[in-house]
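Engineer: Shown below is the structure under consideration.
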Amino acid sequence: MLARSALRSVSNARAFSSSASRQTKVAVLGAGGGIGQPLSLLLKTNPLVTELSLYDIRGAPGVAADVSHVDTHSEVTGYPADKLDEALDGVKVVVIPAGVPRKPGMTRDDLFNTNASIVRDLASAVGRVAPEAHILVISNPVNSTVPIVAATLEKLGVYDPKRVFGVTTLDVVRAARFLGGIADVNPSEAVVPVVGGHSGPTIVPLLSQTAKGKGITGEVYDKLVHRIQFGGDEVVKAKDGAGSATLSMAYAGAKFTDALLRALNGEKGVTTPTFVKSPLFADQGIDFFSSLVELGPNGVEKIHPLGSLSASEEKLLEACLPELKKNIEKGKAFVA
Ligand SMILES: NC(=O)c1ccc[n+]([C@@H]2O[C@H](COP(=O)([O-])OP(=O)(O)OC[C@H]3O[C@@H](n4cnc5c(N)ncnc54)[C@H](O)[C@@H]3O)[C@@H](O)[C@H]2O)c1
Numbered sequence: 001m002l003a004r005s006a007l008r009s010v011s012n013a014r015a016f017s018s019s020a021s022r023q024t025k026v027a028v029l030g031a032g033g034g035i036g037q038p039l040s041l042l043l044k045t046n047p048l049v050t051e052l053s054l055y056d057i058r059g060a061p062g063v064a065a066d067v068s069h070v071d072t073h074s075e076v077t078g079y080p081a082d083k084l085d086e087a088l089d090g091v092k093v094v095v096i097p098a099g100v101p102r103k104p105g106m107t108r109d110d111l112f113n114t115n116a117s118i119v120r121d122l123a124s125a126v127g128r129v130a131p132e133a134h135i136l137v138i139s140n141p142v143n144s145t146v147p148i149v150a151a152t153l154e155k156l157g158v159y160d161p162k163r164v165f166g167v168t169t170l171d172v173v174r175a176a177r178f179l180g181g182i183a184d185v186n187p188s189e190a191v192v193p194v195v196g197g198h199s200g201p202t203i204v205p206l207l208s209q210t211a212k213g214k215g216i217t218g219e220v221y222d223k224l225v226h227r228i229q230f231g232g233d234e235v236v237k238a239k240d241g242a243g244s245a246t247l248s249m250a251y252a253g254a255k256f257t258d259a260l261l262r263a264l265n266g267e268k269g270v271t272t273p274t275f276v277k278s279p280l281f282a283d284q285g286i287d288f289f290s291s292l293v294e295l296g297p298n299g300v301e302k303i304h305p306l307g308s309l310s311a312s313e314e315k316l317l318e319a320c321l322p323e324l325k326k327n328i329e330k331g332k333a334f335v336a
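So for the sequence shown, the UniProt record's numbering puts the first residue at 1; every next one is plus one.
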């Protein structure tokens, strides 16, 4: 099923066009890739996007020509490798799925060597050309690439922590879907706060905070948590060397972008987990963390505390923190 929001977007596009006053130019950096292509398509169906700027070192003009024929009002332009600055001109939101994906047997951290410099260079261009833009980081390892973006912007003197987000929505989507698969609940109504970071043990689902999740215990609980933490491996294994999650990630990326765009346009109460600069565990040297974040017209509006955790969740959090700290430090050290 296509995203409900995307379908709604398509049907609302005409109604919106007469009332569209805000110009929201969104750029996708890495638009030619496995995530970038379907993400660009989904963003083309979002009525809150008025211009779509697609950039990649390979193939973006072709993706743009294709996507531009979809019958929604936004204008789509594709930019080749040497036109990054042009692609970023006037953008309000930049989504970054550029970089290499995992192959079987790899952890997200194994991608660091390649993706760290790709993300740093793209962030640097955004900081120079569109310093006011909101940056949504999909490229892995998110636990390190978000601190890389932050440190890069900081060096340029344009870092605003309210405008840099690690996209952890796929963990939230998976948690809802997997919980829906074992409890009698529609996944779209099974919203599970997933906190921490975005890799294996740093992914901490707070099932106790959901009506259908809190009764799950024992082996069923352990298996569910493991599946949420390592669901990405199922896809990597099934794709057998051809990459990692792309379609579900595009869905998740479009869902988070839509949430941010709605909040930027003044909708109140838009709250979702995302990996941001956070005070929650800063006293332990962990200054980026994903928890429920209320989004607003300036980006991050309010970072919610974790709320009460079950004993099992306390243990998951204990395992998360040291690993997350290492990942964050590795990202910072790369830019230092
Ligand atoms: N946050 C998440 O939940 C999540 C989930 C799945 C995958 N990912 C990550 O997303 C990234 C992309 O995955 P994919 O499957 O789309 O990979 P892919 O290889 O299919 O696509 C990546 C694209 O990035 C482009 N690219 C490389 N360097 C670039 C640069 N300097 N500027 C612009 N574009 C550049 C490539 O040309 C390619 O088109 C990977 O790092 C992957 O690990 C994140």
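Think of the CB as a built atom: it goes at the ideal place given N, C-alpha and C, for glycine as much as any other residue.
What I want to know is whether the C-beta of Met-106 ends up closer than 6 angstroms to one or more non-hydrogen atoms of ligand 1.
Structural biologist: Taking the first residue of the sequence shown as 1, we reach residue 106 at position 106. Met-106 Cβ: outside cutoff for every heavy atom of ligand 1.
Engineer: Please give the ranges of any alpha helix (DSSP H) in the segment 133-199, keeping only runs that are unbroken, at least 4 residues long and fully inside the region.
Structural biologist: Segments of the alpha helix (DSSP H) lying fully in the segment 133-199: 142-156, 169-182.
Engineer: State the CB to CB distance for the pair Gly-157 and Leu-179, rounded to an integer number of angstroms; the pair is presumed to be in contact (CB under 8 angstroms).
Structural biologist: For this step, residue 157 is matched to residue 157 along the sequence shown. For this step, residue 179 is matched to residue 179 along the sequence shown. Incorrect: roughly 44 angstroms between the Cβ atoms, too far for contact.
Engineer: When the Cα atoms are used, what is the spatial distance from Ala-319 to Glu-189?
Structural biologist: Numbered from its first residue, the sequence shown carries residue 319 at position 319. Numbered from its first residue, the sequence shown carries residue 189 at position 189. C-alpha separation (whole angstroms): 28 angstroms.
Engineer: DSSP on Gly-253, reduced to helix/strand/coil?
Structural biologist: Numbered from its first residue, the sequence shown carries residue 253 at position 253. DSSP places Gly-253 in helix when its eight states are reduced to three.
Engineer: Do you know how far the Cα of Ser-68 is from the Cα of Thr-107?
Structural biologist: Locating residue 107 in the sequence shown gives position 107, where the first residue counts as 1. Locating residue 68 in the sequence shown gives position 68, where the first residue counts as 1. For Thr-107 and Ser-68, the distance between alpha carbons rounds to 35 angstroms.
Engineer: Measuring alpha carbon to alpha carbon, tell me which residue in Val-26, Gln-23, Ala-27, Leu-41 is nearest Leu-247.
Structural biologist: Indexing the sequence shown from 1 puts residue 247 at position 247. Comparing Cα positions, the closest option is Leu-41.
Engineer: Residues in the same chain with beta-carbon distance under 6 angstroms from Gly-231, minus the five sequence neighbours each way, listed in chain order, please.
Structural biologist: Position 231 of the sequence shown holds residue 231. Arg-174, listed in sequence order.
Engineer: In its own chain, which residues sit with a C-beta less than 8 angstroms from the C-beta of Gln-284, not counting the 5 before and 5 after it?
Structural biologist: Translated into positions along the sequence shown, residue 284 becomes position 284. Cβ neighbours of Gln-284 beyond the five flanking positions: Leu-321, Lys-325.
Engineer: Please find out if some non-hydrogen atom of ligand 1 comes closer than 6 angstroms to the beta-carbon of Ile-138.
Structural biologist: Along the sequence shown, read from residue 1 onward, the residue named residue 138 stands at position 138. Correct: Ile-138 has its Cβ closer than 6 angstroms to ligand 1.
Engineer: Which residues in the same chain as Ala-125 place their Cβ atom closer than 7 angstroms to its Cβ, once the five residues preceding and following it in sequence are excluded?
Structural biologist: For the purposes of this step, residue 125 is identified with residue 125 of the sequence shown, where counting begins at 1. Only Leu-84, Asp-85, Leu-88 meet the Cβ criterion.
Engineer: From the DSSP output, in three-state form, read off Asp-56 for me.
Structural biologist: Against the sequence shown, residue 56 aligns to sequence position 56. Note: Asp-56 maps to coil in three-state DSSP.
Engineer: List the residues that DSSP assigns as beta-bridge partners of Pro-273.
Structural biologist: Walking along the sequence shown from the start, residue 273 turns up at place 273. Leu-292.
Engineer: Where does the unbroken beta strand (DSSP E) through Leu-29 begin, and where does it stop?
Structural biologist: Counting from one through the sequence shown, the residue named residue 29 turns up at place 29. Run containing Leu-29: 25-29, per the beta strand (DSSP E) assignment.
Engineer: For Pro-279, is the classification buried or exposed, using 16 other Cβ atoms within 10 angstroms of its Cβ as the cut-off for buried?
Structural biologist: Counting from 1 along the sequence shown, the entry for residue 279 is found at position 279. Exposed, since its Cβ has fewer than 16 Cβ neighbours within 10 Å.
Engineer: On the three-state DSSP scale, how would you describe Leu-317?
Structural biologist: The sequence position of residue 317 within the sequence shown is 317, counting from 1. Note: Leu-317 maps to helix in three-state DSSP.
Engineer: Check whether the segment 328-335 touches the segment 142-154, counting contact only when three or more Cβ pairs, one atom from each stretch, lie closer than 8 angstroms.
Structural biologist: Taking 8 angstroms as the limit for Cβ pairs, the verdict is that the segment 142-154 does touch the segment 328-335.
Engineer: Within the present structure, is the beta-carbon of Arg-177 separated from the nearest heavy atom of ligand 1 by less than 6 angstroms?
Structural biologist: Start at 1 with the first residue of the sequence shown, and residue 177 comes out as number 177. Result no, Cβ not under 6 angstroms from ligand 1.
Engineer: For Glu-75, report the span of its beta strand (DSSP E) as first-last.
Structural biologist: Within the sequence shown, the letter at position 75 stands for residue 75. 75-79 is the extent of the beta strand (DSSP E) around Glu-75.
Engineer: Determine the contact status of Gly-243 and Pro-97, defining contact as a CB-CB distance below 7 angstroms.
Structural biologist: In the sequence shown, residue 243 corresponds to position 243, counting from 1. In the sequence shown, residue 97 corresponds to position 97, counting from 1. No, the Cβ-Cβ distance between Gly-243 and Pro-97 is not below 7 angstroms.
Engineer: Ligand 1 and Thr-246: does any heavy atom of the ligand fall closer than 6 angstroms to the residue's C-beta?
Structural biologist: Locating residue 246 in the sequence shown gives position 246, counting from the first residue. Checking every heavy atom of ligand 1 against the Cβ of Thr-246, one is found closer than 6 angstroms.
Engineer: Which same chain residues, not among the five before or five after Leu-170, have their C-beta less than 7 angstroms away from its C-beta?
Structural biologist: Working through the sequence shown from its first residue, we reach residue 170 at position 170. Cβ neighbours of Leu-170 beyond the five flanking positions: Ala-245, Ser-248, Met-249, Ala-252.
Engineer: What does DSSP give as the partner residue(s) for Glu-234 in the beta ladder?
Structural biologist: Translated into the one-based positions of the sequence shown, residue 234 becomes position 234. Note: Glu-234 sits in no beta bridge, so no partner.
Engineer: For Tyr-159, I'd like the list of residues in its chain whose CB is within less than 7 angstroms of its CB, leaving aside the five on either flank, ordered along the chain.
Structural biologist: Along the sequence shown, read from residue 1 onward, the residue named residue 159 stands at position 159. Excluding sequence neighbours, Tyr-159 sits near Ala-150, Leu-153.
Engineer: Is the beta carbon of Gln-229 closer than 7 angstroms to that of Gly-200?
Structural biologist: Within the sequence shown, numbered from 1, the residue matching residue 200 stands at position 200. Within the sequence shown, numbered from 1, the residue matching residue 229 stands at position 229. Going by C-beta atoms, Gly-200 is nearer than 7 angstroms to Gln-229.
Engineer: Kindly indicate which three-state DSSP category Glu-86 falls into: helix, strand or coil?
Structural biologist: Taking the first residue of the sequence shown as position 1, residue 86 is located at position 86. DSSP places Glu-86 in helix when its eight states are reduced to three.
Engineer: By alpha-carbon positions, which one of Leu-317, Arg-163, Ala-311 ends up nearest to Gly-296?
Structural biologist: Looking up residue 296 in the sequence shown gives position 296. Out of Leu-317, Arg-163, Ala-311, Arg-163 has the C-alpha closest to the C-alpha of Gly-296.
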